[in-house]
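Numbering (mature numbering (1 follows the signal peptide of the UniProt record, and there is no 0)), first residue to last: -23 to -1, 1 to 249.
Below, the structure is given as structure tokens:
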């Protein structure tokens, strides 16, 4: 399961590597007439494979979205002159020299990073906004925390087989080794303590119907695949104070600002 901050990281860094599109290569996607290479997409997909994810239409769509986000941001940064800013150019050149094999990507990363820093500086987040987010989070978070384990697989049939084995007394921890979630595969599927607001709705709905020691009797489908979920324990939700939550809320508010800006740029872009 991925945490929220991953979105901000993806926006800032874009692809870790990048290759230019050759004259004969069919682009993976074209943004305002500029091709983004299949090689870029393959590198993203390779990173996902290394984390245990399998090929799927959802993975392809995710990669396409991330590459479009990077490209519309880079093009906007170029339009506003950030690639011609001497300080930014110096940082980009230093990155290019450091990792020559990644020259195009590192150059774009530095331009995008500088543009985003300027954008966030010009669009500050107020304390009133953060307090509103905090109150909304408390209202939506529910009153219970769940200590959860899960097994994530690609195929519904495999999930049903796992449930059948659990019904016969098999160990959840042992079966978790079949999970494609690399973060939890070898720790018994443990996701730690969660609230319903921190996971996707189908997952949250399934957890809310389980008592301590129970597991789902049918597979739970999400955009990640099919889950078998077990609730190890529950406890009343202890909401941290506003001051304790403020740094996280600030990061989330900035991420949402960037999301809205990217959506606006994307709506105006010609995507092929």
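We put the CB at the ideal spot given by N, CA and C, even for glycine.
Excluding five sequence neighbours on each side, which residues of the same chain lie with their C-beta closer than 7 Å to the C-beta of residue 185? Correct list, in chain order: 173.
Spatial neighbours of residue 170 within its chain, please: CB distance less than 6 Å, with the 5 preceding and 5 following residues excluded, ordered by chain position. Taking residue 170 as the centre and dropping the five residues before and after it, the same chain places the C-beta of 122, 124 closer than 6 Å to its C-beta, in chain order.
Does the Cβ of residue 52 have 16 or more other Cβ atoms within 10 Å, making it buried, or fewer, making it exposed? Under this definition residue 52 is a buried residue.
Distance between beta carbons of residue 130 and residue 156, contact taken as under 8 Å: The pair is a contact, with the Cβ atoms about 7 Å apart (cut-off 8 Å).
Examine the Cβ distances between the region 178 to 194 and the region 103 to 117 and report whether three or more of them are shorter than 8 Å. Short answer: they don't touch.
Taking Cβ positions, are residue 26 and residue 17 nearer each other than 9 Å? Contact: no.
Please state whether the Cβ-Cβ distance between residue 205 and residue 140 is less than 9 Å. Yes, these two residues count as a Cβ contact at 9 Å.
Do the region 83 to 94 and the region 58 to 66 make contact, defined as three or more Cβ pairs closer than 8 Å? The region 83 to 94 vs the region 58 to 66: in contact.
Do residue 242 and residue 97 have their CB atoms nearer than 9 Å? No, the pair does not count as a contact, with Cβ atoms beyond the cut-off.
Nearest by alpha-carbon distance to residue 160: which of 144, 126, 192, 181 is it? Across the set 144, 126, 192, 181, the C-alpha of 126 shows the shortest separation from the C-alpha of residue 160.
Using CA coordinates, which residue listed in 222, 128, 48, 167 is at the minimum distance from residue 296? For the chain, the structure presents residues -23 to 249; residue 296 sits outside this window and is missing.
For residue 195, count neighbouring C-beta atoms within 10 Å of its own C-beta (all shown protein chains included) and say buried if the count is 16 or more, exposed if not. The residue in question, residue 195, is exposed, as its Cβ has fewer than 16 Cβ neighbours within 10 Å.
Alpha carbon to alpha carbon, how far is residue 239 from residue 245? Give it in angstroms, no decimals. So the two alpha carbons sit approximately 10 Å from each other.
Helix, strand or coil: how does DSSP classify residue 227 here? In this structure, DSSP gives residue 227 a helical state, which the three-state scheme calls helix.
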